[in-house]
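Trainee: I'd like to ask some things about the structure below.
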Amino acid sequence: MEVLRGSVRTYTWGSRTHLAELLGEEVPSPHPQAELWLGAHRDEPSRLNGHGTDGGTGGTDGVRTLTDVLAADPLGTLGPARRERWSGRLPYLLKVLAAEEPLSLQAHPSAEQAAAGYAREEAAGVPRTAAERNYPDPLPKPEILCALTEFHALAGFRPADGTVRLLRALDVRALDHHTELLAAQPDADGLRALFTTWITLPQRAVDELVPALLEGCVAHVRERGDFTAEARTLLDLGERYPGDAGVLAALLLNRVSLAPGQCLYQPAGSPHSYLSGCGVELMANSDNVLRCGLTPKHVDVPELLRVLDFAPGEPPLLQGDGTGAVTRYAPSEYFSLARCAFDDADDDAPPDPVALGVEGPRIAIAVAGSVRLRSARGQEHVVARGTAAWVPACDGPVTVEPVERPALAFVAADGLCP
Ligand SMILES: [Zn+2]
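The numbering used here applies: residue 27 is where the sequence shown begins, and numbers increase by one.
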């Protein structure tokens, strides 16, 4: 076990407070800080035993990237079965995400779609960094987000009857025809037809429909209708992306508010946009994103329509396993997330260490207080707020216990059985 140093990504939608506070840096930060990355992603591998705190990737004596460490000892870091299964690589990427503004509306491919898409684009010679590249990686990108603050998102297609009610409540004449089409076919096919209509509209039509929709939203908010939260979100998106068909597509998605501790899962094909808030995010180590809108970036409509899952349903909230301090979320073979929460103690008795129940390569981060990790081999390591630790497979099973309470820490592992 040793200290792992991540890197901060400064995207424009980031927060100037959340990550700076977590990392004990100057608040507000000089730039918006969007994501803290912990993992072995090729664009920004985390570092071990580094001395710097900036986003650099090395050069200082003694600094090794996690990628180097995995390559030097795949057996010790991943273990024999996992070295084979993950081809010597770390299958997940852990992030702390801090969104001040909405991220683009997007969906991610399945394992089969990712493998085929990657092979196709490699064969066609599309550069990996090209704007039109959909599949820079051969892997799918399921992801889980566990809220640290109140967190707002759009996620998954809302049951169609709910969307019909929303559209009728907003009472936008220019959308009447679309509303009635969905009312006549209130299922996945109806949603596919309506989404396809909107995402392929000529710009001229989008430029008329979006302002009309926003007028309906203003009136609905004024009269405090049943869909005020939805209408406010549409107004916010419409102001930021006035000519973007993604504003119309956003009408079809569940609007979700997570309380701290609640987790949202995005399986393959689930459309989503994170709107605002801070959370711990864990995903397969892949950059395969199909954008649906709310972005100035490339939108590949035909490929998006192949990847999207139009089956409607309630928001994809995830229930974890575990009753005590440790709750484990294991929705995918690529990752599992253990949330370790230790409230203020009622007495001074030393707490019992809790088995994490995960093996293989692990990354821990504390976001409040501090916790001690103990390995079966007798190693100990304290992870304090804003710091992270790397736990290789060769350390064996690990327990966690609070040092400074209240403590909140997360441990990422893959989703395979120990
Ligand atoms: Zn995503």
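Glycine included, C-beta positions come from ideal geometry on N, C-alpha and C.
Could you check where the beta strand (DSSP E) with Phe-436 kicks off and where it finishes?
Mentor: Taken as a continuous stretch (DSSP letters only), the beta strand (DSSP E) holding Phe-436 covers 424-439.
Trainee: Mind listing which residues have their beta carbon within less than 7 Å of any non-hydrogen atom of ligand 1? Chain order is fine.
Mentor: In chain order, the qualifying residues are Gln-132, His-134, Lys-167, Glu-169, Gln-292, His-298 and Val-315.
Trainee: Looking at the C-beta of Glu-206, does it have a partner C-beta in chain D at a distance below 8 Å?
Mentor: Included in the structure is just one protein chain, with no chain D present.
Trainee: Within a Cβ cutoff of 6 Å, which residues of the same chain sit near Pro-8, ignoring the five residues on either side of it in sequence?
Mentor: Nothing can be reported for residue 8, as the shown portion of the chain is limited to 27 through 444.
Trainee: Classify Gly-81: buried if its beta carbon has 16 or more other beta carbons within 10 angstroms, exposed otherwise.
Mentor: Any reading at Gly-81 is ruled out, since the residue's pLDDT is 40, under 50, leaving its predicted position unreliable.
Trainee: My parser needs the alpha helix (DSSP H) runs of 4 or more residues fully inside the stretch 124-205; what are they?
Mentor: Entirely contained in the stretch 124-205, the alpha helix (DSSP H) runs reaching 4 residues are, in chain order, 137-149 and 186-196.
Trainee: Compute the Euclidean distance between the alpha carbons of Leu-344 and Ala-133, then round it to the nearest angstrom.
Mentor: When rounded, the distance between both Cα atoms is 18 Å.
Trainee: Under a three-way DSSP split, which group does Leu-320 fall into?
Mentor: Note: Leu-320 maps to coil in three-state DSSP.
Trainee: Between the alpha carbons of Gly-78 and Arg-146, how many angstroms are there, rounded?
Mentor: Residue confidence is low: Gly-78 scores 39 on pLDDT, short of 50, so the model does not pin down where it sits. No coordinate-derived value is stated.
Trainee: Please report the straight-line C-alpha distance between Thr-12 and Val-315, rounded to a whole angstrom.
Mentor: No information on residue 12 is available, as it lies outside the stretch 27 to 444 that the chain covers here.
Trainee: Give the single residue among Ala-439, Ala-381 and Tyr-360 whose Cα lies nearest to the Cα of Ala-390.
Mentor: Nearest C-alpha to Ala-390: Ala-439.
Trainee: What ranges does the beta strand (DSSP E) occupy inside the stretch 274-331, keeping only unbroken runs of at least 3 residues that lie completely in it?
Mentor: The qualifying runs are 279-284, 289-292, 298-310 and 316-319.
Trainee: What separation, rounded to the nearest whole angstrom, lies between the Cα atoms of Ser-41 and Ile-225?
Mentor: If I take the Cα positions, the gap works out to 30 Å.
Trainee: Measuring CB atoms only, is the stretch 139-157 touching the stretch 168-183, in the sense that at least three cross pairs come out at less than 8 Å?
Mentor: No contact exists between the stretch 139-157 and the stretch 168-183.
Trainee: For a test of the three-state rule: what should DSSP assign to Leu-344, helix, strand or coil?
Mentor: If DSSP states are grouped into helix, strand and coil, Leu-344 belongs with the strands.
Trainee: For Thr-91, list the residues DSSP reports as bridge partners.
Mentor: Paired residue(s): Arg-73.
Trainee: Quickly, what does DSSP pair Ser-401 with across the bridge? List them, please.
Mentor: Ser-401 is bridged to Val-424.
Trainee: Confirm, please, whether the CB-CB distance from Leu-217 to Arg-278 is below 8 Å.
Mentor: At residue 278 the sequence reads Leu, which differs from the Arg that was named. The answer is yes: Cβ separation under 8 Å.
Trainee: What are the boundary residues of the beta strand (DSSP E) that Arg-258 is part of?
Mentor: No beta strand (DSSP E) holds Arg-258; the alpha helix (DSSP H) holding it covers 254-266.
Trainee: If I measure Cβ to Cβ from Arg-124 and keep anything under 7 Å in the same chain, skipping five residues before and after, which residues do I get?
Mentor: Per the sequence presented here, residue 124 reads as Ala, with Arg not at that position. If we look at Ala-124 and ignore the five residues flanking it on each side, its Cβ neighbours are Gly-40, Ser-41, His-44, Leu-45, Gln-59, Ala-60 and Cys-304.
Trainee: Can you give me the C-alpha to C-alpha distance between Tyr-118 and Tyr-360, rounded to a whole angstrom?
Mentor: For Tyr-118 and Tyr-360, the distance between alpha carbons rounds to 6 Å.
Trainee: Would a C-beta distance cut-off of 8 Å place Leu-363 and Leu-308 closer than the cut-off?
Mentor: Yes. Within cutoff.
Trainee: Between the C-alpha atoms of Val-264 and Val-380, what's the straight-line distance to the nearest angstrom?
Mentor: Residue identity differs from the one stated: residue 264 is Gly in this sequence, not Val. If you take the alpha carbons of Gly-264 and Val-380, they lie about 47 Å apart.
Trainee: With a 10 Å radius around its C-beta and 16 neighbouring C-beta atoms as the bar for buried, classify Cys-318 as buried or exposed.
Mentor: Its Cβ being crowded by 16 or more others within 10 Å, Cys-318 is buried.
Trainee: Identify whether Gly-40 lies in helix, strand or coil by the three-state DSSP scheme.
Mentor: Gly-40 falls in the strand class under three-state DSSP.
Trainee: Do the stretch 250-266 and the stretch 202-215 touch if we need at least three Cβ pairs shorter than 8 Å?
Mentor: In short, these stretches do not touch, since the Cβ pair count stays below three.
Trainee: Mind the definition here: the stretch 148-165 touches the stretch 334-342 only if three or more C-beta pairs lie below 8 Å; say whether that holds.
Mentor: Contact between the stretch 148-165 and the stretch 334-342 is absent, because fewer than three Cβ pairs lie under 8 Å.
Trainee: Contact check, Pro-428 vs Val-384 under 8 Å by CB: the rounded distance?
Mentor: Their Cβ separation, rounded to whole angstroms, is 19 Å, which puts Pro-428 and Val-384 out of contact at 8 Å.
Trainee: Considering just the uninterrupted stretch of the beta strand (DSSP E) at Leu-363, what are its terminal residues?
Mentor: First-last of the beta strand (DSSP E) with Leu-363: 362-368.
Trainee: For Lys-121, count neighbouring C-beta atoms within 10 Å of its own C-beta (all shown protein chains included) and say buried if the count is 16 or more, exposed if not.
Mentor: Lys-121 is buried by the Cβ-count criterion.
Trainee: Pro-212: which of Leu-193, Gln-229 and Arg-230 sits nearest, CA to CA?
Mentor: Closest option to Pro-212, Cα to Cα, is Leu-193.
Trainee: So, using beta-carbon positions, are Leu-301 and Pro-418 closer together than 8 Å?
Mentor: Not closer than 8 Å, so no.
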